[in-house]
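Structure first, then comments.
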Amino acid sequence: QQALLKAGNARVNNHYGTSVSIDGNLAVVGAPDESANDTAVIQGSGTSSNASATSAGAAYLYRRSGSTWTGLAYLKAPNAEASDQFGGSCAISSSSITVGATLEDSSQATITNDNLASSNNAVSNSGAVYLFNR
4 QQALLKAGNA RVNNHYGTSV SIDGNLAVVG APDESANDTA VIQGSGTSSN ASATSAGAAY
64 LYRRSGSTWT GLAYLKAPNA EASDQFGGSC AISSSSITVG ATLEDSSQAT ITNDNLASSN
124 NAVSNSGAVY LFNR
């Protein structure tokens, strides 16, 4: 074992580690039942301490340098809401990260090329995939 990665805001039933993807010295870890209501990426190893959006989900980005892992970012959906389960799936390749939210509810039926994802909840559990670039 080289390291044990844990979320900086670990809580009961966050299900941190449900999804994991590693590319070279980068790793992304999903926690689909993380419950912060944040809607922004936090750079560094910081996380949110609130728990007001049950199972909104989160993903955590890490970098390895030698044998040391450090937090690079705490990722949240721009339209994060309770029960979306953002982080249920994730993948990383070079400078791109994808994070799935299988229970996201928006009725959006188009690709949005910015961080203005719809918060309309007209289509229950329709799901979404979010793309992040480093």
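To get my numbering, take the position in the sequence shown, counting from 1, and add 3. Glycine included, each C-beta is placed from N, C-alpha and C at the ideal position. For clarity, every value in this text was computed on a predicted model and none was experimentally measured.
With the cut-off set at 7 Å, would you say residue i and residue j are in Cβ contact?
| i | j | result |
| --- | --- | --- |
| alanine 61 | glycine 90 | yes |
| glycine 47 | valine 32 | no |
| asparagine 12 | alanine 34 | no |
| valine 44 | leucine 78 | yes |
| aspartate 36 | serine 51 | no |
| arginine 66 | leucine 119 | no |
| asparagine 53 | alanine 39 | yes |
| leucine 134 | threonine 113 | no |
At which residues does the beta strand (DSSP E) containing residue i begin and terminate?
| i | result |
| --- | --- |
| alanine 34 | 29-34 |
So who's on the other strand from residue i, going by DSSP bridges?
| i | result |
| --- | --- |
| aspartate 26 | Leu29 |
| glutamine 46 | Ala76 |
| asparagine 136 | Ser99 |
Which ranges does the alpha helix (DSSP H) cover as unbroken runs of at least 4 residues, wholly within the segment 61-132, from first to last along the chain?
none
Flag this pair as touching only if the segment 70-86 and the segment 98-109 have three or more C-beta atom pairs under 8 Å; answer yes or no.
Segment contact: the segment 70-86 against the segment 98-109, three or more CB-CB distances shorter than 8 Å; contact assigned.
Is there contact between the segment 91-98 and the segment 112-127, where contact requires at least three CB pairs shorter than 8 Å?
no
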